[in-house]
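K.L.:
Just so we're aligned: 161 in our numbering is position 149 of the sequence shown, and the numbers increase by one with no gaps anywhere.
Positions of the beta carbon are idealized from the N, C-alpha and C atoms, including for glycine.
Quick one: the structure is below, questions incoming.
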Amino acid sequence: SYAKINLGLEILEKRPDGYHNIYSIFLPITLFDEIHFKTASKFTITIELNNIEIPIKENIIYKTIKLIQNKYKININFLHIHLVKRIPIGAGLGGGSSNAATTLLALNKLFKLNLAKEQLIELARQLGADVPFFIDPKPAVVSGIGEIIEPVDFPFDFDILLIYPNFSISTAFAYSLIQNLVQKEPTNYKKLVQSLKDISDFRQYFFNDFENFLFPRYPILKEIKENLYKLGAKFASLSGSGSTIYGFFSKNTTLDGTLASRFQSMLCLKTNILK
13 SYAKINLGLE
23 ILEKRPDGYH
33 NIYSIFLPIT
43 LFDEIHFKTA
53 SKFTITIELN
63 NIEIPIKENI
73 IYKTIKLIQN
83 KYKININFLH
93 IHLVKRIPIG
103 AGLGGGSSNA
113 ATTLLALNKL
123 FKLNLAKEQL
133 IELARQLGAD
143 VPFFIDPKPA
153 VVSGIGEIIE
163 PVDFPFDFDI
173 LLIYPNFSIS
183 TAFAYSLIQN
193 LVQKEPTNYK
203 KLVQSLKDIS
213 DFRQYFFNDF
223 ENFLFPRYPI
233 LKEIKENLYK
243 LGAKFASLSG
253 SGSTIYGFFS
263 KNTTLDGTLA
273 SRFQSMLCLK
283 TNILK
């Protein structure tokens, strides 16, 4: 169950349903959660976080199972689901959405539902705006509230460093901070990616609008971004609505020694684009 980062995120107009349209490039990365599906004597979901196991009921995996159970009348009484959590929660990395999509794919297989990709995407839409992307995670320009997905050729290769500041930001809270939004036409990201030659050009063209609203509230995020540039990042940005900041580095850049001193007590994860 893979994570994603956002390259550029433009917040567009507010819709009649209260959501904002967005425009962003979603890049799947190699950081993942593991979800194990086993037969058991009764239905249970457990989550393993920092080697601690917690039984859970109300989470997106449970919601996904309920959706499929109600629609296709599957018998889940003997299903044990164990989630090993590696993607930080409330981090702007799409962990929950990815878990929902992976669960849909697994149930489709386990219960031989034979649902086509389009049907899975339709179900994914009912679970959350970012869930459809994770049905087949490939670099894509994502718009609407996240449900319009247009695959994009992304020929760049680099190492990614994720810095999670050990606090989460809820998406709803991040959106509640938005004010005085300037109406604009979205940047043509597809054309942009085709025309740019090097990741150091990204800095000029890609910006996450949430930084305008979140950095004044959480100055540490701005500091992390600046520190990534000081370490030699070619590009650095907030992912999603936070709280993770990532940096793109040339392949095989050695950082280990300097990391500890700059990002004490924060979670630092190295990852790459999922190929």
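Tell me the DSSP bridge mates of Ile257?
P.N.:
Ile175 and Leu250
K.L.:
Please determine, among Leu243, Ile93 and Phe227, the residue with the shortest C-alpha to C-alpha distance to Phe261.
P.N.:
Leu243
K.L.:
Could you check where the alpha helix (DSSP H) with Val205 kicks off and where it finishes?
P.N.:
Tyr201 to Ser207
K.L.:
Pull up the distance between the alpha-carbon of Leu79 and that of Glu70, whole angstroms please.
P.N.:
13 Å
K.L.:
How is Gly107 classed by DSSP in three states: helix, strand or coil?
P.N.:
helix
K.L.:
Buried or exposed for Lys287, please, with buried defined as at least 16 other CB atoms from any protein chain shown within 10 angstroms of its CB.
P.N.:
With fewer than 16 other Cβ atoms from the protein chains shown falling within 10 Å of its own Cβ, Lys287 counts as exposed.
K.L.:
Which full runs of the alpha helix (DSSP H) of 4+ residues lie inside the segment 48-98, going along the chain?
P.N.:
72-84
K.L.:
Considering only their Cβ atoms, is the gap separating Ile99 from Asp29 smaller than 7 Å?
P.N.:
no
K.L.:
In this structure, does DSSP put Tyr217 in helix, strand or coil?
P.N.:
In the structure shown, Tyr217 sits in a helix (DSSP, three-state: H, G or I).
K.L.:
Would you identify the three-state DSSP class for Ser273, choosing helix, strand or coil?
P.N.:
If DSSP states are grouped into helix, strand and coil, Ser273 belongs with the helices.
K.L.:
Assign Leu122 to one of two classes, buried (16 or more other C-beta atoms within 10 Å of its C-beta) or exposed (fewer than that).
P.N.:
exposed
K.L.:
Just to confirm, is the Cβ distance from Tyr14 to Pro40 under 7 Å?
P.N.:
yes
K.L.:
Tell me the residue span of the beta strand (DSSP E) that contains Leu279.
P.N.:
Leu279 to Thr283
K.L.:
At what residues does the alpha helix (DSSP H) containing Phe222 begin and finish?
P.N.:
Phe222 to Leu226
K.L.:
Looking only at C-alpha atoms, which of Ser36, Arg137 and Ile211 sits nearest to Thr199?
P.N.:
Ser36
K.L.:
Can you give the Cα-Cα distance for Phe38 and Lys54, rounded to whole angstroms?
P.N.:
37 Å
K.L.:
Who pairs with Ser155 in a beta bridge, going by DSSP?
P.N.:
Tyr35 and Ile160.
K.L.:
Are the beta-carbon atoms belonging to Ser180 and Gly102 less than 7 Å from one another?
P.N.:
Yes, the Cβ-Cβ distance between Ser180 and Gly102 is below 7 Å.
K.L.:
Determine the DSSP secondary structure at Ile181, reduced to helix, strand or coil.
P.N.:
coil
K.L.:
Taking contact to mean at least 3 C-beta pairs separated by less than 8 Å, is the segment 160-171 in contact with the segment 204-220?
P.N.:
yes
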